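Read through the structure below, which is laid out as C-alpha cells, and then see the notes.
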Amino acid sequence: MESMNKLGRILMVEDDPKDVELTLTALEEYNLANEVVITRDGEQALDYLYYRGEYKTRSSGNPAVMLLDLKLPKVDGLEVLKQIKSDGELRMIPVVVLTSSKEEKDMVASYKLGVNAYVVKPVDFHEFVNAIKELGVFWAIVNEPPPGSVRK
Amino acid sequence: MARPNLQLQFAHSPVLRYGLAVTSFAIALGLALLAQRYGFRDVELPLFLFAVAVTVWYAGIGSAILAVVLSSLAFDYFFTEPRYSFYVRSSELPYYAVFILFALLLTWFSAVRRRVEQQLLQSRNELQMEVVKRTQQASLLNLTHDTIFVRDMSDIISYWNRGAEELYGWRAEEAIGKHSHQLLQTDFPLLIEEVRAELLRTGRWEGELRKSKADGSSVVVASRWSLRQDEQGRPVAILETNNDITERKRREEEVQSLNEELAKRSTELESINRELEAFAYSISHDLRAPLRHMAGYSELLQKKASSVLDEKSNHYIAMILDSAKRMGNLIDDLLAFSRIGRTETQKTLFNLAQLVKEALKEVQQDTDGRNIAWKIAALPEFYGDRSMLRLVMVNLISNAIKFTRTRPQAEIEIGCANGSADDLVVFVRDNGVGFDMKYVNKLFGVFQRLHPSDAFEGTGIGLATVQRIIHRHGGKVWAEGVVDSGATFYFSAPRP
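Protein chains in written order, with numbering that gives the first Met the number 0: chain A, 0 to 151; chain B, 0 to 495.
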C-alpha cells in the first residue's frame, strides 16, 4: 500500500508492558503499528541506535520518530535524550517524550536537551488514543524525516 | 538645709564704728568719774582699756585708736595732777607711754585674735556646708535603685549605697574597706589591665560583668565605671554603677534559644514539607499509570464485548470507567495542589478586576443554561502571583456557580470588604445551598467535602488550593454560611 510505504519506523522506549500494549493498540487502530520497534529500557534503546548487543546485526537506518518514556530502568529517559542530542548523527532523530505526568522540572530539562515534543499521557483512554494517533500520524506520516530514516 | 552663715562683721558705717568708740569711751569715763567720786582709786585705766578693747572688737582698729586717743586725753584731764588741765608733767610721761603702748598692744592682739576667729568661723561654716552637701548627695545616691559604690585606686570600697546593699546583700559597713573585686568575685570578660587602661585613658569604662552576691548566687550586671580625679588631674577614686541584667540576660538567652529552636523546627518542617510534597507528587505520578491502564483496558473491553454483554455488565464497565475518570481528576487536582507548594510565587502588581474577568471567562461553560445575576464591585490592585490568584478566583467563582445550581435565580457577588490598613479583603458571595457553620473548619481541608458527590461533583481540593495560595501570599481565608441561604468566602492579603 502506498501509505504503508511512506510509514516511518517508530522506536518506542517503554518499560511498562501494559503501556506498550495500549500504545500499540492505539497505533493499530489507525494502522500505524506495523513498523514499531520496542525497547524496554534506556540501555536497550541506545543499543538499538548504536547497533550494539542484540541489535548488532539489525537492518540499517534510524527511526522516523522515537517515543521516549522518562522513567526507565538502567538508563533513564533524560539520559537517553542527552546522549542522542549530543550525538552528531542521532541528534536529527525527532524525539517525543511520552510521560505519565507533567513535572515541570522534567519538562524544562527535556526542552533544554532539545526534545521535539513533550506529551503527558492522558488518563482517559479516548484522549490517550487520540494523542497517540496524532503523534503517530504527524511524526510517522506527515513529517518529512531527516535523511537516513527508515521508511517502508 | 544649710544653716545661716555665722560671721562676725564690723558695722559697715564709719559713723556707727566711731560712734561705738566714743560711746564706750564715754561710758568708761562716766564709770571712772563715778568711782572717783565714791573714793575708789585706780579703776580708770582698766575701764579705759576695757572701752578700747570693746571698740577694737566690734569696730576695728581705726575706732580703737580714736578710743585710745580720747582715753589718754581724758586720763590726763581728769585723773592726773594737775587735774582739769592737759598739762603733763615730765615725770608722768612714762606712765602715759605705758598706757598708750598697752592700749595699742591690746588693740593689735584683739585685731589678730579677731581675724583668726573669723577665719575659723568661716572654715567651720564651709565645712558644715560641705558636710551638708555631701550628706545630701549620699542620701540622693541612696534613693536610686541603681547600685552605686565608690572605691579608691586600689579597689578598696569607700562608699556603698542602698542599691548596692539590696543587690549584693552586703551592708555598707560590711562592704566599706573591703577590696571590691574580692568581695564581689568580679568575673571580667577581658583582662582587668585592659579595663583599667581604658578607664585611665578615657575616664570611663562600661561592660557586662558577672559578680557574686553575699548569698553566693551570681548576678550579671551592666557595669559603668567613672574615674574621679583631683584638682591636679590625678585619679583618686572610681565610681561604679551596676544594673542587674541577670533577668534580661536570661530572657535574651531564652529568646535566642527559642529562636534557634524555631529556626531548627522550621528547617525540619521545611524538609518534612518538601518530603511530603515529593511523596505526594510521586504517589500521584505513579498512581496515574495503573489508572490509565485500568481505564484503557476497560474501554477496550467495552468496545470489544459490549455487544455480547448484558445491560448490567455494560453498566459495570461504565462505572469502572467513571471511577477511573474521577480518580484521574483527583490525582490531577492533587498534583496541581502539590505544585502550588513547590513552585516559587512570582509576584507582580495587577488589577484584580481584570483577573476576575478572565476567571469568569474560564468558567463560562459552567454557566450555560443558568440564570445568574452577577454583582461585581470595584476591585483593588493586588500584589501577588497572578496565575495563582487566578486559580483562587476560578475556584471560588466556580464553587459559587456550582452551589447555586438548585436556584432558579442565582446571585453571585464579588466585592471588597472592609479590610485593615495593612490588609485588603475580597469576598465571593452566593445565594446557594450554603453550609452549616459547624463544619466551617472542614471547608479548607484537602479532600473535605460537605456535600455528597452525586449532588455536587468535585474533588474536595479546590478550597484547600485556595487556602494554600492565600497563605503563601501572607493572607487568610475564611467563610460564612447558612444552610440553604448561601455562603460567603473571604480572603485577605497584604495591600500592595
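Backbone N, C-alpha and C define an ideal beta-carbon position, used for all residues, glycine too. In this text, all values refer to a predicted model and were calculated from it rather than measured experimentally.
The Cβ atoms of residue 24 (chain A) and residue 295 (chain B) sit closer than 9 Å to each other. At least one CB atom of chain B sits nearer than 9 Å to the CB of residue 99 (chain A). Contact between residue 149 (chain B) and residue 236 (chain B) holds, since their C-beta atoms are separated by about 5 Å, short of 8 Å. Taking the Cα positions, residue 118 (chain A) is about 12 Å away from residue 129 (chain A). The segment 32-47 of chain B makes no contact with the segment 82-93 of chain B: fewer than 3 CB pairs, one atom from each, lie closer than 8 Å. In this structure, the straight-line span from the alpha carbon of residue 427 (chain B) to that of residue 86 (chain A) is close to 56 Å. By the neighbour-count criterion, in which 16 or more other beta carbons inside 10 Å mark a residue as buried, residue 111 (chain A) falls on the exposed side. Neighbours of residue 290 (chain B) in chain A, taken as residues whose beta carbon is under 8 Å from its own, are 122 in chain order.
One thing to note: residue 292 (chain B) has its Cβ no nearer than 9 Å to the Cβ of residue 14 (chain A). For residue 298 (chain B), the nearest CB of chain A lies under 9 Å from its own CB, placing it at the interface with that chain. Taking 9 Å as the threshold, the shortest C-beta distance from residue 280 (chain B) to chain A falls below it. If you draw a straight line from the Cα of residue 74 (chain B) to the Cα of residue 67 (chain B), it comes to about 10 Å. When the five nearest sequence neighbours on each side are left out, the beta carbons in the same chain lying within less than 7 Å of the beta carbon of residue 69 (chain A) are those of 75, 76, 77, 96, 98 and 105, in order along the chain. Using a CB distance cut-off of 9 Å, residue 133 (chain A) does not count as an interface residue toward chain B.
Residue ranges of uninterrupted beta strand (DSSP E) with 3 or more members, entirely inside the segment 390-420 of chain B and ordered along the chain, are 409-416. For residue 324 (chain B), the chain A residues whose Cβ falls inside 8 Å of its Cβ are 122 and 123, in order along the chain.
Residue 121 (chain A) and residue 470 (chain B) have their C-alpha atoms spaced approximately 31 Å apart.
In the three-state reduction of the DSSP assignment, residue 479 (chain B) falls in the strand class, which pools E and B. Near chain B, meaning a CB-to-CB distance below 9 Å, the residues of the segment 8-28 of chain A are 15, 17, 18, 20, 21, 24 and 25.
Under the Cβ distance rule, residue 137 (chain A) does not count among the residues neighbouring chain B, no pair being separated by less than 9 Å. Contact between the segment 113-121 of chain B and the segment 131-144 of chain B is not established, with fewer than three Cβ pairs separated by less than 8 Å.
Against chain A, the beta carbon of residue 294 (chain B) has neighbours under 7 Å at 122, 123 and 124, listed in chain order.
Under the three-state reduction of DSSP output, residue 240 (chain B) falls in the strand class.
According to the DSSP assignment, residue 11 (chain A) belongs to the beta strand (DSSP E) that extends over 9-12. Segment contact: the segment 344-364 of chain B against the segment 473-486 of chain B, fewer than three CB-CB distances shorter than 8 Å; contact not assigned. Secondary structure remark: continuous alpha helix (DSSP H) runs of at least 4 residues inside the segment 105-190 of chain B, in chain order: 161-167, 171-174 and 179-183. The continuous stretches of alpha helix (DSSP H) do not include residue 65 (chain A), which lies in the beta strand (DSSP E) extending over residues 64-67.
As the crow flies, the alpha-carbon of residue 60 (chain B) is around 15 Å from that of residue 47 (chain B). Across the structure, residue 66 (chain A) and residue 264 (chain B) are spaced so that their CA atoms are roughly 45 Å apart. With respect to the C-alpha of residue 219 (chain B), the residue from B:196, B:203 and B:250 having the closest C-alpha is B:250.
The segment 366-375 of chain B and the segment 401-418 of chain B touch, with no fewer than 3 CB-CB distances between them shorter than 8 Å. Residues of the segment 317-341 of chain B whose Cβ lies closer than 9 Å to any Cβ of chain A, in chain order: 320, 323, 324, 326, 327, 328, 330, 331, 334, 338 and 341.
By the 16-neighbour rule on beta-carbons within 10 angstroms, residue 140 (chain B) is buried.
The criterion of a C-beta distance shorter than 9 Å is satisfied by residue 54 (chain B) and residue 65 (chain B). Residue 163 (chain B) and residue 340 (chain B) have their C-alpha atoms some 58 Å from each other.
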